[in-house]
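Enquirer: Residue numbers (our numbering): 34 to 326.
Printed below as a string of structure tokens:
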């Protein structure tokens, strides 16, 4: 929905049937890109469920055929692009942004896999710098930046200036979104977020563990080393208790207010002379600020 929403905000009006069809088609391509990533990611992580149901590779009769299925999901993007946008003036730019975003996401995924393999717990591997790289490349580009770029390209108003403004605001917003996700994994209510958080047991290089490592005493770090990344609820409970002792919930709320303030300042400074609209960024921020799921 981010693509049609962005196109509508850029035009300042409701979309015609043809405009909606085009924008929605680009939106579905972003969904196909995500599906390609998620099917692959679940195999790499040996995940059990995705959105409350068994992962695709765990479905009966699928198994490792899911690898080829992931490739086919990716190919579907370019099939649809050719079918519906072959004569569009931004056709080549659209192909390139999908290829660039795919590479960026794969780089983020690689850093994630190398930093925090599920079966090898080494907290020395973790750092805020690595965390930020993983988050920006693995999530922010395809979830936040890509839909807005496609909206600009669909209307043929993507300029270097517009794209830079979009990147400067949407990448920090995507970074903030993932930190929210990490916070909710531990402090969110399962009935709100639709799943039980597993970041501690899964040895994830999450924002919370990196914050904990920054401020932990040697004794507290020892607790993390003994209990983090273990597939056991008793170990997990020890880490959760440490997070509470370190007042990570308050640290998160302070971070959220500071970051949202900085993003709002950037939005206020947006130059609308080349067709960009502040409303796009305001709409994105309104969807995620203080979310509980």
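Glycine residues also receive a C-beta, built at the ideal position from the N, C-alpha and C atoms.
Taking the Cβ atom as the reference point for each residue, do residue 262 and residue 154 lie within a distance shorter than 7 Å?
Expert: Contact: yes.
Enquirer: Taking contact to mean 3 or more Cβ pairs, one atom from each stretch, closer than 8 Å, check whether the segment 234-251 and the segment 195-209 are in contact.
Expert: They do not touch, by the three-pair rule.
Enquirer: Determine the extent of the alpha helix (DSSP H) in which residue 184 is found, giving its start and end residues.
Expert: Counting along the chain, the alpha helix (DSSP H) containing residue 184 begins and ends at 179-187.
Enquirer: Between 304, 302, 206 and 252, which lies nearest to residue 291 when the distance is taken from Cα to Cα?
Expert: Of the candidates 304, 302, 206 and 252, the one whose C-alpha sits nearest the C-alpha of residue 291 is 206.
Enquirer: For residue 191 and residue 123, which I take to be in contact (beta-carbon distance under 8 Å), what is that distance rounded to the nearest angstrom?
Expert: The Cβ separation is near 7 Å, so the contact holds.
Enquirer: Tell me, to the nearest whole angstrom, how far the beta carbon of residue 128 is from that of residue 114; I am working on the premise that it is less than 8 Å.
Expert: Sure, about 6 Å apart at Cβ, within 8 Å.
Enquirer: Can you grab the Cα-Cα spacing for the pair residue 287 / residue 79, in whole Å?
Expert: Computed Cα separation, rounded: 35 Å.
Enquirer: Buried or exposed, going by whether 16 or more other CB atoms sit within 10 Å of the CB of residue 81?
Expert: Burial call: exposed.
Enquirer: Which ranges does the alpha helix (DSSP H) cover as unbroken runs of at least 4 residues, wholly within the segment 49-93, from first to last along the chain?
Expert: Counting whole runs of 4 or more residues, the segment 49-93 contains the alpha helix (DSSP H) stretches 50-77.
Enquirer: Where do the N-terminal and C-terminal ends of the alpha helix (DSSP H) with residue 35 fall, by residue?
Expert: Element bounds for residue 35: 35-44.
Enquirer: I'd like the ranges of any alpha helix (DSSP H) spanning at least 4 consecutive residues and lying wholly in the segment 195-268.
Expert: Segments of the alpha helix (DSSP H) lying fully in the segment 195-268: 223-226, 240-248 and 251-260.
Enquirer: Drop a sphere of 10 angstroms on the beta-carbon of residue 101, count the other beta-carbons inside from all chains shown, and report buried for 16 or more, exposed for fewer.
Expert: So residue 101 counts as exposed.
Enquirer: When the Cβ atoms of the segment 156-170 are set against those of the segment 207-219, are three or more pairs found closer than 8 Å?
Expert: At 8 Å Cβ cutoff, the stretches touch.
Enquirer: Answer with buried or exposed for residue 38, where buried requires no fewer than 16 other C-beta atoms within 10 angstroms of its C-beta.
Expert: It is buried - the Cβ of residue 38 has at least 16 other Cβ atoms within 10 Å.
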